[in-house]
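A short write-up of the structure that comes next.
2 protein chains.
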Amino acid sequence: MNTSTETGAPSGAVAPAVRLFVTAALAPDAVIVLEPEQAHYLTHVMRRGTGDTVALFNGRDGEWRARLERTGRHGASAHVGARLRPQGTEPDVWLLFAPIKRARLDYLVEKATELGVAALLPVITRRTVVERVNVERLAAHAREAAEQTERLSVPVVHAPRPLDAIIASWPPERRLLLCDESGAGAPIVTALGQRGAAAAPWAVAIGPEGGFDASERAALAALPQALPVGLGPRLLRADTAALAALACWQAVLGDWHKAPRAG
Amino acid sequence: MNTSTETGAPSGAVAPAVRLFVTAALAPDAVIVLEPEQAHYLTHVMRRGTGDTVALFNGRDGEWRARLERTGRHGASAHVGARLRPQGTEPDVWLLFAPIKRARLDYLVEKATELGVAALLPVITRRTVVERVNVERLAAHAREAAEQTERLSVPVVHAPRPLDAIIASWPPERRLLLCDESGAGAPIVTALGQRGAAAAPWAVAIGPEGGFDASERAALAALPQALPVGLGPRLLRADTAALAALACWQAVLGDWHKAPRAG
Chain X
250 MNTSTETGAP SGAVAPAVRL FVTAALAPDA VIVLEPEQAH YLTHVMRRGT GDTVALFNGR
310 DGEWRARLER TGRHGASAHV GARLRPQGTE PDVWLLFAPI KRARLDYLVE KATELGVAAL
370 LPVITRRTVV ERVNVERLAA HAREAAEQTE RLSVPVVHAP RPLDAIIASW PPERRLLLCD
430 ESGAGAPIVT ALGQRGAAAA PWAVAIGPEG GFDASERAAL AALPQALPVG LGPRLLRADT
490 AALAALACWQ AVLGDWHKAP RAG
Chain A
250 MNTSTETGAP SGAVAPAVRL FVTAALAPDA VIVLEPEQAH YLTHVMRRGT GDTVALFNGR
310 DGEWRARLER TGRHGASAHV GARLRPQGTE PDVWLLFAPI KRARLDYLVE KATELGVAAL
370 LPVITRRTVV ERVNVERLAA HAREAAEQTE RLSVPVVHAP RPLDAIIASW PPERRLLLCD
430 ESGAGAPIVT ALGQRGAAAA PWAVAIGPEG GFDASERAAL AALPQALPVG LGPRLLRADT
490 AALAALACWQ AVLGDWHKAP RAG
């Protein structure tokens with residue numbers, strides 16, 4: 250359902266199909282120098298050239314229409330025009346996950362970004378098999394997914410940390426949706442519908458393949474912010490559980506009461 | 250969270266980690282000849298041999314413990330022992346999806362199987378780019394995913410059909426959860442919570458990348474069984490939308506009030 254099939258020339262009414270995340274401030278008549286990878290993508294993948302229109306966002310200033318001034322192998326820049334959308338607020342939900350194999354991890358980052366996570370926190374657990382995490386690669390995946398999913402922000406990808414360090418410094422105000430394959434948790438939609446749940450920032454925590462071990466699960470469940478939930482009778486892979494829990498969270502407590510912007 | 254890390258010898262108390270789908274009837278003392286691929290998987294991937302224990306299921310007779318009688322390059326067979334679980338009922342939800350590129354399609358079939366779909370129906374729409382679907386490959390993926398996710402059934406993979414043929418023969422009693430990126434649908438959890446929704450069999454329908462075209466969406470929405478729903482303000486890829494909708498359906502109307510079986 251990703252409308253990446255823009256047809257024809259840029260128009261004044263339709264939002265540009267190519268969206269790019271930039272770090273510079275966005276304001277009328279700003280000139281933004283794009284990254285070399287973005288210039289390559291524009292020229293060689295999307296076949297855009299000087300005079301074409303793109304949309305830019307930076308996670309702070311909303312989304313802006315911009316006209317490509319210069320494209321080619323020496324880089325690209327864009328002249329900022331009118332603002333298309335204000336920044337607004339987005340759901341504040343983190344995903345804590347144990348790193349998994351590369352192809353599945355890339356997929357998880359892409360899907361979690363589409364599902365609106367604000368931050369991705371790789372967690373080293375006792376049963377974590379894959380301990381090396383290329384944070385830069387994951388951040389690039391998150392940025393690309395954000396560009397394609399109409400978000401006005403890019404999830405922050407944190408460096409991996411041991412689970413006990415994360416527990417020790419858990420933010421007091423942030424609730425923790427603990428996906429608990431032990432069967433002790435309440436059904437997820439019932440649990441999320443509890444009084445007061447909507448007011449807090451949240452995190453979804455998913456164990457490694459094989460699950461958190463008993464002491465890890467106990468330490469997580471002992472956090473006063475923790476809400477252990479179940480995801481039904483079938484065994485889910487870690488990536489499936491993460492996406493299912495995020496979808497339920499967005500549907501019950503997030504922003505899925507909002508419609509997509511008119512295309 | 251897939252506990253594929255069985256340690257040590259088969260025990261009398263713990264369910265076997267290796268589960269295989271078979272087509273033959275399962276009953277005490279039946280001898281089941283396994284498929285050549287299953288014999289290869291047992292011997293060379295899982296390192297199981299004669300005397301080891303596996304679990305067998307066929308979608309009809311529940312799950313049974315069985316002892317490998319013969320393994321090796323000439324095939325394998327298993328002697329059925331005690332029943333581990335009765336068949337029980339599983340949620341009756343189909344997934345209608347437009348075929349997508351191969352890697353994403355394989356992933357979608359795996360995830361949809363974990364999320365408990367009863368049938369996978371590839372649909373040819375006007376914007377469907379990938380029209381060739383290897384039904385046998387998808388069925389093999391579905392079987393493998395079912396073996397790993399503790400299901401007692403394997404989703405049926407149908408041959409691709411044009412959308413208008415599917416609409417023309419839609420089963421009168423089956424409700425249709427129409428994921429509608431137009432923004433006209435109600436939020437998914439609100440919509441699924443409507444009175445009477447739980448009693449029916451269901452299907453989840455996801456459009457191709459770029460969405461159903463206007464006439465296709467109108468024809469689907471005109472079905473009296475249709476319930477158009479929204480999945481929030483972000484653009485979701487077709488595979489993300491399918492998994493998110495199935496997760497919400499299972500959480501609200503499916504069997505996610507049940508806990509996993511004690512491992």
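Residue numbers (the numbering used here), protein chains in the order written: chain X, 250 to 512; chain A, 250 to 512. Heads up, the beta-carbon is just placed ideally off N, CA and C, and yes, glycines get one too. Given the structure is predicted, the values throughout are model-derived calculations rather than measurements.
Query                                                                                                                                                                     : Result
Taking Cβ positions, are A/V405 and A/A368 nearer each other than 8 Å?                                                                                                    : yes
Below 8 Å on the Cβ atoms is my contact criterion, and I expect A/I349 with A/A487 to pass it. Report the Cβ-Cβ distance as a whole number of Å.                          : 6 Å
With X/W343 as the anchor, note down where its beta strand (DSSP E) starts and where it stops.                                                                            : 342-346
Using a Cβ cut-off of 8 Å (strictly closer), state whether A/E430 contacts chain X.                                                                                       : yes
Would you identify the three-state DSSP class for A/A508, choosing helix, strand or coil?                                                                                 : coil
Could you tell me how far apart the beta carbons of A/H407 and A/P371 are, in whole angstroms, since I believe they sit closer than 8 Å?                                  : 7 Å
Check the Cβ-Cβ distances between X/W451 and every residue of chain A, and say whether any is below 8 Å.                                                                  : no
Taking the C-alpha atoms as reference points, what is the distance between X/A315 and X/L305?                                                                             : 7 Å
Quick one: grab the DSSP three-state call for A/T338.                                                                                                                     : coil
Within 8 Å of any Cβ in chain B, is that where the Cβ of X/I437 sits?                                                                                                     : In the displayed structure, chain B is absent; the protein chains listed are X and A.
I'd like to know whether the C-beta atoms of X/L427 and X/A471 end up nearer to each other than 8 Å.                                                                      : no
Which residues in chain A have a C-beta closer than 8 Å to the C-beta of X/Y356? List them in chain order.                                                                : Y356
I'd like to check one pair, X/P509 with A/L484: are the Cβ atoms closer than 8 Å?                                                                                         : yes
I want to verify the contact list: residues of chain A whose CB lies under 7 Å from the CB of X/V501, in sequence order.                                                  : V438
Please classify X/R424: is it buried, with 16 or more other beta-carbons within 10 angstroms of its beta-carbon, or exposed?                                              : buried
How long is the line joining the alpha carbons of A/W498 and X/T439, rounded to whole angstroms?                                                                          : 13 Å
Could you tell me whether any Cβ in chain X is nearer than 8 Å to the Cβ of A/W505?                                                                                       : yes
For A/H390, does the count of other Cβ atoms within 10 angstroms reach 16, so buried, or fall short, so exposed?                                                          : buried
Less than 8 Å between the beta carbons of A/D504 and X/G460, yes or no?                                                                                                   : no
How would you call A/L269, buried or exposed, if buried means at least 16 neighbouring beta carbons within 10 angstroms?                                                  : buried
Can you tell me which of X/A388, X/R466, X/V382, X/L476 puts its alpha carbon nearest to the alpha carbon of X/R444?                                                      : X/L476
Which same chain residues end up closer than 8 Å to X/E339 when comparing Cβ atoms and leaving out the 5 residues on each side of it in sequence?                         : G365, A367, R400, L401, S402, D504
Between A/P404 and chain X, is any beta-carbon pair separated by less than 8 Å?                                                                                           : no
According to DSSP, is X/A266 part of a helix, a strand, or is it coil?                                                                                                    : coil
Excluding the five sequence neighbours on either side, which residues of its own chain have a C-beta within less than 6 Å of the C-beta of X/A258, listed in chain order? : Bear in mind that a pLDDT of 37 at X/A258, under 50, signals an unreliable position, so the number given afterwards is only what the model happens to contain. So the list is empty, once near-sequence residues are dropped.
In the DSSP output, what is X/L427 paired with across the bridge?                                                                                                         : X/A454, X/P477
Could one say the Cβ of X/L427 lies closer than 8 Å to chain A's Cβ atoms, at least one of them?                                                                          : no
To the nearest angstrom, how far is the alpha carbon of X/N383 from that of X/L354?                                                                                       : 10 Å
By the three-class DSSP mapping on this structure, what secondary structure does A/A304 have?                                                                             : strand
So with Cβ pairs under 8 Å, would you call X/G365 a contact of chain A?                                                                                                   : yes
Judging by CA-CA distance, which residue of A/P420, A/I455, A/R410, A/P409 is the nearest neighbour of A/E430?                                                            : A/I455
On the three-state DSSP scale, how would you describe X/S260?                                                                                                             : Bear in mind that the predicted position of X/S260 carries a pLDDT of just 40, short of 50, making it too unreliable to give a figure here.
In three-state DSSP terms, what is X/A414?                                                                                                                                : helix
Does A/H328 come out as helix, strand or coil in the three-state DSSP assignment?                                                                                         : strand
Less than 8 Å between the C-beta atoms of A/W313 and A/R297, yes or no?                                                                                                   : no
List the residues of chain A whose Cβ lies closer than 8 Å to the Cβ of X/K350, in chain order.                                                                           : In chain order: nothing, as chain A lies at least about 12 Å away.
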